[in-house]
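See below for the structure under consideration.
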Amino acid sequence: MAQDEHRPKRRKTKAENDTSIVKIGNKTISLSAYLQPQKKPLEQPPADQQYTTVETQPESKIESEPPKKSESDTRKKNAPKQHISSGDPSLLKSRKALPIWTHQNEIKASLRDDNDVLLIVGETGSGKSTQVPQFLIDEPWCRKKKVRVQSDTVNVGGMIAITQPRRVAATTLASRVSREIGTPLGTSREGLVGYSVRFEHNIPKGTKIKFLTEGMLLQELLRDPNLRQYSAVIVDEIHERSVDVDLIAGFLKQILLGDKAGRGGIPLKVVIMSATADVEKIQGFFNPENLTSSVQLLRIKGRQYPVDIKHTTKPVSDIQEALLKRIFDIHMHEPLPGDILAFLTGQEEIEAAQRLIEEYSATLASDVPKLLVCPLYGQLSIQAQQDAFQPAKKGFTRKVVLATNIAETSVTVPGVRYVIDCGKAKVKQFRSQLGMESLLAKAISKSSAIQRTGRAGREGPGKCYRLYTSETYDSLRDADLPEILRNDVLGAVLTIKARGINNVLSFPLMDFPDLESVEKALIQLHFLGALADDGSITETGKKLALFPVSAPYGRVLLAASEPQYDCLLEVIDIIACITAGENIFYQLQSEEAREEVEEYRKELYRREGDILTYLTTMQRYAAENADRTGWCRKRKVNTRTMKQALNIRKQLRGICLKEKMLAEPPPPDPQPFVPMSPEGAAQLLRCFLRGFGTRCALLAPDSSYVTVQGKHVVAVHPSSALHGRKRESIMFLEHVFTQRSYVKKVSAVQADWIVEVMEGRG
DNA sequence: GACTGTTTA
Numbered sequence: 165m166a167q168d169e170h171r172p173k174r175r176k177t178k179a180e181n182d183t184s185i186v187k188i189g190n191k192t193i194s195l196s197a198y199l200q201p202q203k204k205p206l207e208q209p210p211a212d213q214q215y216t217t218v219e220t221q222p223e224s225k226i227e228s229e230p231p232k233k234s235e236s237d238t239r240k241k242n243a244p245k246q247h248i249s250s251g252d253p254s255l256l257k258s259r260k261a262l263p264i265w266t267h268q269n270e271i272k273a274s275l276r277d278d279n280d281v282l283l284i285v286g287e288t289g290s291g292k293s294t295q296v297p298q299f300l301i302d303e304p305w306c307r308k309k310k311v312r313v314q315s316d317t318v319n320v321g322g323m324i325a326i327t328q329p330r331r332v333a334a335t336t337l338a339s340r341v342s343r344e345i346g347t348p349l350g351t352s353r354e355g356l357v358g359y360s361v362r363f364e365h366n367i368p369k370g371t372k373i374k375f376l377t378e379g380m381l382l383q384e385l386l387r388d389p390n391l392r393q394y395s396a397v398i399v400d401e402i403h404e405r406s407v408d409v410d411l412i413a414g415f416l417k418q419i420l421l422g423d424k425a426g427r428g429g430i431p432l433k434v435v436i437m438s439a440t441a442d443v444e445k446i447q448g449f450f451n452p453e454n455l456t457s458s459v460q461l462l463r464i465k466g467r468q469y470p471v472d473i474k475h476t477t478k479p480v481s482d483i484q485e486a487l488l489k490r491i492f493d494i495h496m497h498e499p500l501p502g503d504i505l506a507f508l509t510g511q512e513e514i515e516a517a518q519r520l521i522e523e524y525s526a527t528l529a530s531d532v533p534k535l536l537v538c539p540l541y542g543q544l545s546i547q548a549q550q551d552a553f554q555p556a557k558k559g560f561t562r563k564v565v566l567a568t569n570i571a572e573t574s575v576t577v578p579g580v581r582y583v584i585d586c587g588k589a590k591v592k593q594f595r596s597q598l599g600m601e602s603l604l605a606k607a608i609s610k611s612s613a614i615q616r617t618g619r620a621g622r623e624g625p626g627k628c629y630r631l632y633t634s635e636t637y638d639s640l641r642d643a644d645l646p647e648i649l650r651n652d653v654l655g656a657v658l659t660i661k662a663r664g665i666n667n668v669l670s671f672p673l674m675d676f677p678d679l680e681s682v683e684k685a686l687i688q689l690h691f692l693g694a695l696a697d698d699g700s701i702t703e704t705g706k707k708l709a710l711f712p713v714s715a716p717y718g719r720v721l722l723a724a725s726e727p728q729y730d731c732l733l734e735v736i737d738i739i740a741c742i743t744a745g746e747n748i749f750y751q752l753q754s755e756e757a758r759e760e761v762e763e764y765r766k767e768l769y770r771r772e773g774d775i776l777t778y779l780t781t782m783q784r785y786a787a788e789n790a791d792r793t794g795w796c797r798k799r800k801v802n803t804r805t806m807k808q809a810l811n812i813r814k815q816l817r818g819i820c821l822k823e824k825m826l827a828e829p830p831p832p833d834p835q836p837f838v839p840m841s842p843e844g845a846a847q848l849l850r851c852f853l854r855g856f857g858t859r860c861a862l863l864a865p866d867s868s869y870v871t872v873q874g875k876h877v878v879a880v881h882p883s884s885a886l887h888g889r890k891r892e893s894i895m896f897l898e899h900v901f902t903q904r905s906y907v908k909k910v911s912a913v914q915a916d917w918i919v920e921v922m923e924g925r926g
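Quick note: the first sequence, position 268, residue 432 per this note's numbering, numbers continuous.
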């Protein structure tokens, strides 16, 4: 294990230059408590009940029958209801045509007996996500068992969890598999397949296969560290290497290596599924020396048409020019139908390219097919995104989709035969030394380039034009840096600690973040009151882990429920707006557009800054009962984001009620709008300082802002209500480096409030 | 005067 080799080295470095004493405000804390060495190689999940005897009892009489019974026989009798049939016959044919179908017995065999881990590498279209859970549900080890855990009799197993990085994948896969298996979702209260994603749970009675998002499984781990309801966990799309999937891999490894006490001795089977072949790392991670059986590996061919790859002969200096030439070359020489998908880095580049293409295509002769340009990026409205997925309405037209890497994994554009790849993508990188993230265009990885290329071969043979040389391709990194090495690890550290692992350095991770960034996270968590001076998790920390928002926001929620602040409903409204995804305010491109909405937006803006502006917007939106969509349109407010904000508001209110932070359910909408008084606003902002006291800046004599911690010059982002305004001191919720160092979500505060909070008097 | 992409009871 990589982190095993590195850990002693890190500790040595620590001892050499002792930075383990850190001052925060008036507090001095010693990091050695956080970073204590541990003799045990791995910390076990908390054995909330001590394991004494294993008494594996068959739950039903079928299980005590002789094991010779044929599979179909067992199936019939084991069925909760007669609807456990062989599935929908019309779908069975297409299932049998999937490349994975012939591996069915192999997959079953590789998880029998003491083999608990299977790694499946399968390209897109292999059918692994839909078929593997169906192959496994009738395996003998997949039955629910009654066992004794200390003095309690508990059920262990019976279900298979399958994780997905995105909500839409979890729900659509569940829908597909439920139809294949013969118990379609939504037709009955009983069924074999269900899903669980944020805001949406559909778990029919008798569910054996449960699709869920990665975050959802992490949340379940909080309540049940041993995942007792599951016989197996299938981790899909592990190659995407989200922070959540890395954490899940760590928790699964701990359960695999543990003494199974919390599961009454019953093993958990783990299937890891990946689209790319970075096999050694995953295999090595789950296959340490002390595991008796080795990790089985299965490779499955995908169903992909061949794609002809063309590189440039010389490096490209002007991407826009090369793109334009390439698009019109394809357009003039390749037959219809066959749409073009071009990967660019961001909105700005896409808009510029769109203008150029449209200008040039206007000059084309009338006997040449038309070109329809569709931008595709996350900030785009749903409607505009839909246009990119629809075939061109007019005939004799070729569609050109100009996309960010949203089209690499998150969405699939149909009809594409030609891909143009600029070789770059914007990547977020957190710099823990500066407490700031950057968003800059960087060279993509080989794996990313291959993924982009594959988008040309979904429906037939295709071509991929790379706007870089084959030498450049050879020089690319094999895989992208996993997110856990690019992100703030604050959330990851809290997630680990809240699930009973005190020594985060002992937690198994495929890639371990810098010690320094872990230290920074620990210090920040200590400031938030989530960790005690000895580094152990506090009650506050446990509460923060319950909220579906980052720890600083969670801290603000907790502060808001204290009598001295008493502004919980307001804080919930604000945090709901902020964490709903995109900015609730559309960015206005032209002077005209700005003038058009000015009158309407004026009543939303507050001189205190963005936090109060969000509050006003949510309150006025919720007070509007007749036509919310029209209300949004007039103010150029993102309806989708506001709807999401209402969902989050409801969720947060629910958690706060359950946690007794709210005494009673808030009155239902619509409530009359009452603007918050300046005094109330001041209290609200002081409350936010409890989470963001470390993110403040003071106005310097030269009118720039300088951060209190680190003394960095920052500019107020143009999206902020305080852009171009001068305030004595500001608090910001985000700090991003793009063209320059920007702070976002900015509010005016008073310097003495900052001192107050940092000295622990807030 | 500027905005890769996901996700959480």
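Just so it is clear, CB atoms sit at the ideal spot from N, CA and C, and this is done for glycine as well.
- Distance between Val-357 and Gly-322, taken at the CA atoms: about 12 Å.
- Here Arg-799 is near Val-761, since their CB atoms are less than 9 Å apart.
- If you draw a straight line from the Cα of Gly-466 to the Cα of Arg-619, it is about 13 Å long.
- In the structure shown, Thr-803 falls within a helical segment according to DSSP collapsed to helix, strand and coil.
- Annotation: the segment 800-857 contains the following complete segments of the alpha helix (DSSP H) (minimum length 4 residues), in chain order: 803-822 and 842-856.
- The Cβ atoms of Gln-460 and Ser-293 do not sit closer than 9 Å to each other.
- Within the same chain, and ignoring the five residues on either side of Gly-286 in sequence, the residues whose Cβ sits closer than 6 Å to its Cβ are Lys-292 and Ile-464.
- By the Cβ test, the segment 762-780 is not in contact with the segment 711-723, since fewer than three Cβ pairs between them sit closer than 8 Å.
- When the five nearest sequence neighbours on each side are left out, the beta carbons in the same chain lying within less than 8 Å of the beta carbon of Tyr-541 are those of Gly-510, Gln-511, Ile-514, Ala-567, Thr-568 and Ile-570, in order along the chain.
- By the criterion of at least three beta-carbon pairs nearer than 8 Å, the segment 492-502 is not in contact with the segment 642-654.
- Taking the Cβ atoms as the reference, Lys-588 lies roughly 11 Å from Ala-613, outside the contact range of under 8 Å.
- Three or more pairs of CB atoms, one per stretch, sit closer than 8 Å, so the segment 800-816 contacts the segment 744-757.
- Closest option to Thr-633, judged by alpha-carbon separation, among Asp-503, Lys-474 and Lys-590: Lys-474.
- For Asn-269, the uninterrupted alpha helix (DSSP H) segment begins and ends at 268-273.
- Taking every protein chain shown into account, the CB of His-497 has fewer than 16 other CB atoms within 10 angstroms, so this residue is exposed.
- The straight-line gap separating the alpha-carbon atoms of Gly-626 and Tyr-582 is approximately 6 Å.
- Contact check for Arg-817 against Leu-733 passes: the beta carbons are separated by less than 9 Å.
- The continuous alpha helix (DSSP H) containing Val-409 extends over residues 407-421.
- Taking the C-beta atoms as reference points, Arg-850 is found nearer than 9 Å to Val-913.
- Per DSSP, Ile-521 is one residue of the alpha helix (DSSP H) stretching across 511-525.
- In the DSSP annotation of this structure, the continuous segment of the alpha helix (DSSP H) that includes Ile-660 starts and ends at 654-662.
- The C-alpha of Asp-698 is placed about 55 Å away from the C-alpha of Ala-517.
- Between the beta-carbon of Leu-411 and that of Ala-643 there is about 18 Å, and that puts the pair past the 8 Å contact cut.
- Between the segment 334-345 and the segment 304-314 there are fewer than three inter-stretch CB-CB distances shorter than 8 Å, so the stretches are not counted as touching.
- By the beta-carbon neighbour count (other beta carbons within 10 angstroms, threshold 16), Pro-882 is exposed.
- Per the coordinates, the alpha-carbon of Gly-844 lies some 39 Å from the alpha-carbon of Gln-547.
- Per the Cβ contact rule, the segment 257-273 is not in contact with the segment 438-449 (fewer than 3 Cβ pairs under 8 Å).
- Positions of the beta strand (DSSP E) runs, each at least 3 residues long and wholly inside the segment 374-402, are given as 394-399 in order along the chain.
- Per the C-alpha coordinates, the member of Asn-667, Trp-795 and Ile-373 positioned closest to Arg-307 is Ile-373.
- Around the beta-carbon of Thr-576, fewer than 16 other beta-carbon atoms lie within 10 Å, marking it exposed.
- One thing to note: Val-907 has its Cβ no nearer than 9 Å to the Cβ of Leu-853.
- DSSP places Thr-780 in the helix class (H, G or I) of the three-state scheme.
- When Cβ pairs closer than 8 Å are counted between the two stretches, the segment 825-837 is seen not to touch the segment 686-694, the count staying below three.
- Sixteen is the threshold: when 16 or more other Cβ atoms of the shown chains lie within 10 Å of the Cβ of Asp-280, as they do, the residue is buried.
- Taken through DSSP and simplified to helix, strand or coil, Arg-595 comes out as strand.
- Beta-bridge annotation (DSSP): Cys-538 is paired with Val-565.
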